[in-house]
Amino acid sequence: MRVGVVTFPGTLDDRDAARAVRAGGLEAIELWHGDADLKNVDAVILPGGFSYGDYLRCGAISRFAPVMTSIIEQANKGMPLLGICNGFQVLCESHLLPGALTRNSDLHFLCKDQVISIENTNTPWTSSFSKGQEILIPLKNGEGSFQCDDATLASLEGEKRIIARYVGENPNGSRNLIAGITNTRGNVVGLMPHPEHAIDTLTGPSADGLGFFTSILNAMVK
Amino acid sequence: MSLDTVAQAVARPDTAQPFKELGLKPDEYARIKEILGRRPTSSELAMYSVMWSEHCSYKSSKVHLKQFGEKAPKSDALLVGIGENAGVVDVGQGYAVTFKIESHNHPSFVEPYQGAATGVGGIVRDILTMGARPIAVMDPLRFGPADAPDTRRVLPGIIAGVGGYGNCLGLPNIGGEVVFDETYIGNPLVNALCVGVMRHSDIKLAKAAGAGNLVVLYGAKTGGDGIGGVSVLASETFGDGGSTKRPSVQVGDPFVEKVLIECSLEIFAEDLVVGIQDLGGAGLSCATSELASGGSGGMKVQLDKVPLRDPSLSPEEILMSESQERMCAIVEPSKIVRFIEICKKWDVTVTVIGEVTDGKHLEITWNGELIVDVPPRTVAHDGPVYNRPLAQPEYIDRVNAQTISVPMPQSSAEIKAALLKLVSAPNMADKSWVTAQYDKYVQGNTIQAQPDDSGMVRIDEKTNLGVAIATDANANWSYLNPYQGAKLALAEAARNIATAGARPLAVTNCLNFGSPEDPGVMWQFAESVRGLADGCLEMGLPVTGGNVSFYNQTGDVAILPTPVIGVLGVIDDVRTRTPMSFNKAGLELYLLGTTHSDLAGSEWAFLHGQRGGNSPTADLQNEMNLIEVLLAGRSEKIFTAAHDLSQGGLAMSITEMVLRHMVGATISLKDTAIDLLSETPGRVIVAVESSQAGALLDLCAKYKISLSKLGTTGGDSLVINETTISLQELKTAHTSTFPKLFG
Amino acid sequence: MAKIVVDVMLKPEILDPQGNAVASALPRLGFTFATSVRQGKRFEIEVAGEPTPAQLAEVEKAAEVLLSNPVIENYVVRVEK
Amino acid sequence: MAKIVVDVMLKPEILDPQGNAVASALPRLGFTFATSVRQGKRFEIEVAGEPTPAQLAEVEKAAEVLLSNPVIENYVVRVEK
Ligand SMILES: Nc1ncnc2c1ncn2[C@@H]1O[C@H](COP(=O)(O)OP(=O)(O)O)[C@@H](O)[C@H]1O
Ligand SMILES: [Mg+2]
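Protein chains in written order, with our numbering: chain A, 10 to 231; chain B, 414 to 1156; chain C, 8 to 88; chain D, 8 to 88.
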C-alpha cells in the first residue's frame, strides 16, 4: 500500500506526513512537484507548509505544478486524496474542493492544540473514527478561515460533506466552524488542522491524529 | 562616471576620500594606506570600512572576548570553537550540533517586522553554513514598558516577523524571552538563536582552499539593501543623482531561504563544496575576504558577474550590499556541473564569480579592470583593536547601598493580592499571545517548547537522542553587579536545561550593551565577559561562539546590561525527560535549595519601582551539585516533575506548575512573604510520588543540596498556608495581560 | 513600456478581516471618515511597449486563473497612464 | 456615498518577494507579457456623501500613519468615480 507525499518548494510538513503514514502501517512515497509521475501510489497526501512562500494566495501557485495535473486526474477517478493545511488550500485552489481558505479572523498566525469533532466517517480518511468523536490535534496556520457562498455552504451541510468541525470557540472565523470537508464523491478530503503532528504523545498533544492514517490503511485493505 | 581602479589609486595618490563618512578614523585610514602601500581604491575603502566596523571587527570587544579562549575549560565535546560561523559540539552517536545567537536590534526598531524576520534569516544561514540542518529557533526579546505607545508599535511587528520568517522556513520555535523595561524604549532587543544538527563528517568550514577551485554565488540576486553608509562613495563616484535611492531596510524572503536550505543540504550531502560562507553583515566583502583568509589567501573575483536585482548598483555597493538569502561556496571544477544541476532543481540562481588562486591576494575586477587588490586577512581579521577606557560607573556604589523597601504581604488578603499582581505583571504573565504565533510542531521532533524551562528537540527518531537549549539574562542583576549577573544568567540557563534531565554541554551568548565609548558601559561589558568566562571555566562549559551588540542606547541612557546566555545540553533519551509539571493529585512537592532574602533585582522590587541593593552571589559549585541531583533524579526515575525558580520566585514557579495541567497544590511556608517572593538562585521545585521521597532525600544528601517539603498536589486551587486562590482566578490573572495589552 | 494594473478585491459577500481591522483601527486614531473599508490586492505589471488588445486579453486570462480566486474575489484590469 | 481608493505599493528599491513569485509563476503558465510584477495593497474606503477636501486630507493622513508603512511603502489616494 503506497501513499504518495508531495513536496512543493516551501512544503514543510512532508517528512512529518511521511512519518505518520508509516506509523499508520503504510509505505510513504516521495512525490516531487515538478514530476508528473505518481509512481503507482494508491493514495496521495498534500502536506502542510508554505508552498511557494504562500505568496499571492496560499496554494495558488502550487496548483499549477506538473504533479497536480496527474493528481487531479487520479482524484477524479476516485483515488483517495488528503490535503492538510496548505494541502487543503491547494485543493480549494484546484477546485477539487469548494470554497477558499482566507486570513484568520484575528489576522495572526495561530498555533494551538485544537479539539475537533469528526462528523463524517464515510471517507477513506476518517473511517477509523466514530461519528461525533472529539479529538485533539494541532492547528497551525495564518490562513485557515474557511469561506464560501451560502449556496455552497448549504450543499456542504445538506450532503454531510463537512467532515470535521472546531469544538468550542471559533479559532479563525471559519464558516459553520468548518475544519475539514470532502468532495461529492467522498475521496478527496481537505483538513485545516494537522493529524500528522498528533501521532504520539511524545511530540504531539495526543495520538488522536493516527486515525486518519489507519483509516486509509483500512480503505486500501478493503 | 569614473571607476576607481588600482591603477588610478597609484596614479592619483592624493585623491581625497570620504573615509570619515564611512566611519573610519584618520589613523585607521592611515593604516590601510600603509598595508596597501598606496591609497585604497573606493571599493577597497568600502570593504575595509565595513569590515573594520564595530559590528564586523569586534574592535572594542576583542580584548575582552579573548578570555573565552584563555579560560576555556577542557572539553572533549568541542569540535569547532570560536572563530567560525558557529561553534560545533559533539552530542554523541556521531551527531554534532551547532548553535548560536545573534542580535538584530536596531533594524527591528526601524522596521519591526522585517528587522526581526531578517534577524532569524541571518542566524539560520550561519547554522546552515556549518553544514547542519537547522532544526529549531529561539527568540530572546526585550521591549520598553508594555503599555508604552512605542512598544505597541514595535512588539506586534517583531513577533509577527519572528513567526513569519521562522514558520515559513519550517523551523519550530522552542523558546525565547519577552521582558519589558524602560531602558529598552527606542532600543528593543531582538536576539535570535538557531540550532542545527549534522553528522561529524559533515562539518563545513569557511575556507577557500585549492587553486583553481571556483567561487560560486548562489541564492537571491543582489540589491541595494543595507548599504546606507557606502552610498557616500557611490554618490562620489557617480555624481549626485547617478545612483538610485538605496533602501534603508532589508526585506527578507523566507521562501527563498527555505529553498536555499534544502538546496544547500542536497549539495552538502553530495559533498560538492570545499568551503562555504553565508552572506550576512558586510555581504560579499565579508564572504570573499573571510573565505580567502581561510585558505592561502589567493582569490580572483569578477564582480560584474554578480546577478543584480538593481542594475544601477556600483561596484562599491555590490561589495557592501547586505541583500538576504545568499551563500558563497568554493567548488572544485569537476563538481560544478552537479552543483548547478541541484541549484536548477530548486530554482536557485547560481553564478560562478571567480576562482581560488595560488597567490596571496584577493583580486576583484569590474569589467576587466582591477578594483581591489588586498591581502584578505588585513580586511577580515587584522582590523583595529581598541583597549577602550573603562571605569566602574558612579551608580554602582549608590544603588548597591540602597536598602529595598517593598510591601511584604502577611494577611491572607495581602498574599492573594500580591500573587495576583505578580502573575499578571507583563514580565511574568503568560506569553501564549506571543508563542501562539509561532509554529512549535513543524518537523515533528519538538519535545518541549514554551512554556517549558527549556526547548528540547529529538535529533534521532530511533535512539531518541535529543538536545535541550535555554537562554537567560537577568538584566536587573547585571545592572547591580554585571560580573555576578553574567554568572547567574549562565547558572540559570544551565539549570533550565537540567530540570528536564539534559546535561549542559556548551554555551553561546549575545552581549547587548550601550555605547562602548562610555567607560561605564565598557566596564559593564568587561565585567560581564569576565563573569561569563569565569563561570564557564568553573562549570566546565566551553563558549562556542556568540555576538556583541553595542550602541543600544538613547541619548546618554544605555539599556540595562543584557548578556543573553544560551546553554545547550544533551539528553540520551527524550522519552525519559522530567516534565515541568504534574497532572495528578497526591504527589509530594519539595523545594531543592535554600531561600534567602534576595529581593534586590527581583520582579517584586521592579514592580515597586526599586532597582537597588546587591545582587545575589552565584554559587556555581552548588549549582553543579544541583544539576547532578536533577540529572540523577531523572535517570533514577525519582521525579514526576521539576521546575526551576527564577524571576518571580516560588510564587511564580508554583503558579506555572499548577496552571499547566490545572491540578492544584497545597503548600505551607514559614516566612511566607520571603519564601514566595525572594529570587535566591539555585532552587528547583520537584514533585515526587511519596514512595520516592526516601530516594529523593538520599540523593540530596549525597550532593549536599538542602531540601524542604512544600506540600502536596491536588485540588482546584492553590493553597498557601491559610490563603486559597482558585486556579481559575489565577489563570485569568495570568493569561489576560497580553491579550489586553496587544490583543 | 506600459503599466497594466490588476485590482483584486474580495467579493462583497466574503468576510474581509483585514478591511474590518482597518475600519476599527481608524476611529481609534481619530479618523472618522470611513463608513466601510475593504482591503484587496493591486498588481502592477510592466509590459514592453504599448499593450496590444491581444496582450490585454492575456492579462485578463492571467487575472482570472492566477491573480484572483474567482470563488472569493473579483478583479479589474486596466492600463495605467 | 463615495469611494476613496488608497493604493499602497512597496517602494521601487525594496525587494518584493510576492511580486517576484507572481512574475516567475506567469511564464510557467505560458503568460509571457510581463517584464516585471509588483504586488501591493488596495484599500477601498466608503465615505458618506461627496468627499470634502478636508476629508481627503484626513485620508491622506490615515494613509501615511496607518495604511502604509512609510519606511518601505509609498501610497496614492484618489477618489473613484
Ligand atoms: N560574545 C561572544 N562570545 C564568543 N564568541 C563571539 C562573541 N561574539 C562574537 N563571537 C565570535 O566571533 C566570530 C565572529 O562573529 P560574527 O561576526 O557574529 O560571526 P558572523 O560573521 O558569522 O556573523 C564568531 O565565531 C562568533 O562566534
Ligand atoms: Mg556567518
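The C-beta atom is built at its ideal place from N, Cα and C for all residues, glycine as well.
Query - Simplified DSSP assignment, three categories, for E1016(B) - result: Translated into the one-based positions of the second sequence, residue 1016(B) becomes position 603. In this structure, E1016(B) counts as helix in the three-state DSSP scheme.
Report task. Can you give me the start and stop residues for the beta strand (DSSP E) that T921(B) sits inside? Result -> Position 508 of the second sequence holds residue 921(B). Run containing T921(B): R916 to N925, per the beta strand (DSSP E) assignment.
Report task. Could you tell me whether any Cβ in chain B is nearer than 8 angstroms to the Cβ of V78(D)? Result -> Indexing the fourth sequence from 1 puts residue 78(D) at position 71. Chain B contact via Cβ: present.
**Report entry** Any C-beta of chain D under 8 angstroms from that of I232(A)
**Finding:** In the structure as shown, chain A begins at 10 and stops at 231. Residue 232(A) is therefore absent and cannot be evaluated.
Query raised in the report: Going by other Cβ atoms of all chains shown within 10 Å of its Cβ, with 16 needed for buried, is V787(B) buried or exposed?
Result: By one-based count along the second sequence, residue 787(B) stands at place 374. Buried.
Query - Candidates L119(A), I127(A), R72(A) and L40(A), of which the one nearest L106(A) by Cα - result: Counting from one through the first sequence, the residue named residue 106(A) turns up at place 97. Closest in C-alpha terms to L106(A), from the list L119(A), I127(A), R72(A) and L40(A), comes R72(A).
Report task. List the residues of chain A that T859(B) touches, going by C-beta distances under 8 angstroms, in chain order. Result -> The count along the second sequence starts at 1 and reaches residue 859(B) at position 446. Chain A residues near T859(B): T212.
Requested in this report: Give the residues of chain B in contact with L21(A), contact being defined as C-beta atoms less than 7 angstroms apart.
Outcome: Taking the first residue of the first sequence as 1, we reach residue 21(A) at position 12. Under the 7 angstroms cutoff, chain B gives G583 and V855.
**Report entry** Proximal residues of chain D, C-beta to C-beta of R45(C) below 9 angstroms
**Finding:** Numbered from 1 along the third sequence, position 38 holds the residue referred to as residue 45(C). In chain order: R49, F50, E51, I52 and E53.
Query raised in the report: With burial defined as no fewer than 16 other Cβ atoms inside 10 Å of the residue's Cβ, what is the status of D691(B): buried or exposed?
Result: To locate residue 691(B), count along the second sequence from 1; it is residue 278. Classification for D691(B): buried.
Query raised in the report: Is there a Cβ from chain G that is less than 8 angstroms from the Cβ of G1156(B)?
Result: Judged by its chain identifiers, the structure shown contains no chain G, and its protein chains are A, B, C and D.
**Report entry** Alpha-carbon spacing of A459(B) relative to M935(B), whole angstroms
**Finding:** In the second sequence, residue 459(B) corresponds to position 46, counting from 1. In the second sequence, residue 935(B) corresponds to position 522, counting from 1. Going by the C-alpha atoms only, they are around 28 angstroms apart.
Query - Chain-ordered chain A contacts of Q25(D) [CB-CB under 7 angstroms] - result: Indexing the fourth sequence from 1 puts residue 25(D) at position 18. Chain A residues near Q25(D): Y64 and L65.
Query raised in the report: Out of curiosity, what's the CA-to-CA distance linking N81(D) and T764(B)?
Result: By 1-based counting over the fourth sequence, the position of residue 81(D) is 74. By 1-based counting over the second sequence, the position of residue 764(B) is 351. So the alpha carbons of these two residues sit roughly 33 angstroms apart.
Query raised in the report: Exposed or buried, what is Y578(B) when buried is set at 16 or more other beta-carbons lying within 10 Å of its beta-carbon?
Result: Here the question's residue 578(B) lines up with position 165 in the second sequence. It counts as buried.
Query raised in the report: Where in the segment 689 to 745 of chain B do unbroken runs of the beta strand (DSSP E), each at least 3 residues long, occur, reported from the N-terminal end onward?
Result: Here the runs fully enclosed are 712 to 715 and 739 to 744.
Requested in this report: Figure out for me which residue from S845(B), M952(B) and I743(B) has the closest Cα to the Cα of L119(A).
Outcome: Position 110 of the first sequence holds residue 119(A). The shortest Cα separation from L119(A) among S845(B), M952(B) and I743(B) belongs to S845(B).
Report task. State yes or no: is the beta carbon of L36(D) nearer than 8 angstroms to at least one beta carbon in chain A? Result -> To locate residue 36(D), count along the fourth sequence from 1; it is residue 29. Yes, L36(D) counts as interfacial toward chain A.
Query raised in the report: Could one say the Cβ of A37(A) lies closer than 8 angstroms to chain C's Cβ atoms, at least one of them?
Result: Translated into the one-based positions of the first sequence, residue 37(A) becomes position 28. Closer than 8 angstroms: no.
Query raised in the report: Does DSSP put E205(A) in a helix, in a strand, or in coil?
Result: Numbered from its first residue, the first sequence carries residue 205(A) at position 196. Looking at E205(A) - three-state DSSP - the assignment turns out to be helix.
Query raised in the report: In the segment 765 to 812 of chain B, which residue ranges form an unbroken beta strand (DSSP E) of at least 3 residues, counting only runs that do not cross its ends?
Result: Runs of the beta strand (DSSP E) lying entirely within the segment 765 to 812 of chain B and spanning at least 3 residues, in chain order: 775 to 779 and 782 to 787.
Query raised in the report: Between the Cα of L219(A) and the Cα atoms of G195(A), A173(A) and A32(A), which residue gives the shortest distance?
Result: What you label residue 219(A) is simply residue 210 of the first sequence in a count that begins at 1. Measuring from the Cα of L219(A), the nearest candidate turns out to be A32(A).
Requested in this report: Please report the residue range of the alpha helix (DSSP H) in which C120(A) lies.
Outcome: Numbered from its first residue, the first sequence carries residue 120(A) at position 111. Unbroken run through C120(A) is the beta strand (DSSP E), L119 to I127; no alpha helix (DSSP H).
Report task. Grab me the residues of I127(A)'s own chain with a C-beta within less than 6 angstroms of its C-beta, minus the 5 sequence neighbours each way, in chain order. Result -> The residue given as residue 127(A) occupies position 118 in the first sequence. Closer than 6 angstroms at Cβ, skipping near neighbours: T135, F138, Q142 and A173.
Query raised in the report: So, does the CB of A32(D) fall closer than 8 angstroms to a CB anywhere in chain A?
Result: As a position in the fourth sequence, residue 32(D) is number 25, starting the count at 1. Taking Cβ atoms only, chain A reaches closer than 8 angstroms to A32(D), which makes this a yes.
Query raised in the report: So, using beta-carbon positions, are I52(C) and V44(D) closer together than 8 angstroms?
Result: Position 45 of the third sequence, counted from the first residue, corresponds to residue 52(C). Position 37 of the fourth sequence, counted from the first residue, corresponds to residue 44(D). Cβ distance < 8 angstroms, so I52(C) and V44(D) count as in contact.
Query raised in the report: From G557(B) to I972(B), what does the alpha carbon distance come to, in whole angstroms?
Result: Along the second sequence, one-based indexing puts residue 557(B) at 144. Along the second sequence, one-based indexing puts residue 972(B) at 559. Roughly 10 angstroms between the two C-alpha positions.
Query raised in the report: Can you name, in chain order, every residue of its own chain whose Cβ lies under 7 angstroms from the Cβ of G999(B), other than the five neighbours on each side?
Result: Indexing the second sequence from 1 puts residue 999(B) at position 586. Non-local beta-carbon contacts of G999(B) in its own chain, meaning distances under 7 angstroms to residues more than five positions away in sequence, involve T1125, T1126 and G1127 in chain order.
Query raised in the report: Would you say V86(A) reaches chain B, if we count a Cβ-Cβ gap shorter than 8 angstroms as a contact?
Result: Numbered from its first residue, the first sequence carries residue 86(A) at position 77. Reading the sequence as shown, one finds Lys at residue 86(A) and not Val. For K86(A), the answer is no, since every Cβ of chain B falls outside 8 angstroms of its Cβ.
**Report entry** N185(A), buried or exposed, once every other Cβ within 10 Å from all chains shown has been counted against 16
**Finding:** Here residue 185(A) corresponds to residue number 176 of the first sequence, with the count starting at 1. N185(A) comes out exposed.
Requested in this report: Quick one: list the residues of chain C neighbouring E102(A), beta-carbon separation under 8 angstroms, in chain order.
Outcome: Working through the first sequence from its first residue, we reach residue 102(A) at position 93. Within chain C, the C-beta atoms nearer than 8 angstroms to that of E102(A) come from N76, in chain order.
Report task. Note down the Cα distance separating T20(A) from T531(B), rounded to an integer number of angstroms. Result -> If you number the first sequence from 1, residue 20(A) lands on position 11. If you number the second sequence from 1, residue 531(B) lands on position 118. Linking T20(A) to T531(B) through their CA atoms gives a straight-line distance of about 20 angstroms.
Query raised in the report: Is the CB of C157(A) under 8 angstroms away from at least one CB in chain B?
Result: Position 148 of the first sequence, counted from the start, is the residue given in the question as residue 157(A). Closer than 8 angstroms: no.
Query raised in the report: Which one or two residues does DSSP pair with S1130(B) in a beta bridge?
Result: In the second sequence, counting from the first residue as 1, residue 1130(B) sits at position 717. The partner list for S1130(B) (beta bridge, DSSP) reads S1139(B).
**Report entry** Straight-line gap, K1163(B) to K620(B) (C-alpha atoms, nearest Å)
**Finding:** The structure shown has nothing for residue 1163(B), since chain B only spans 414 to 1156.
Query raised in the report: What residue does the beta strand (DSSP E) around W9(A) start on, and which one ends it?
Result: Look at the range of chain A in this structure, 10 to 231, and you will see that residue 9(A) is not part of it.
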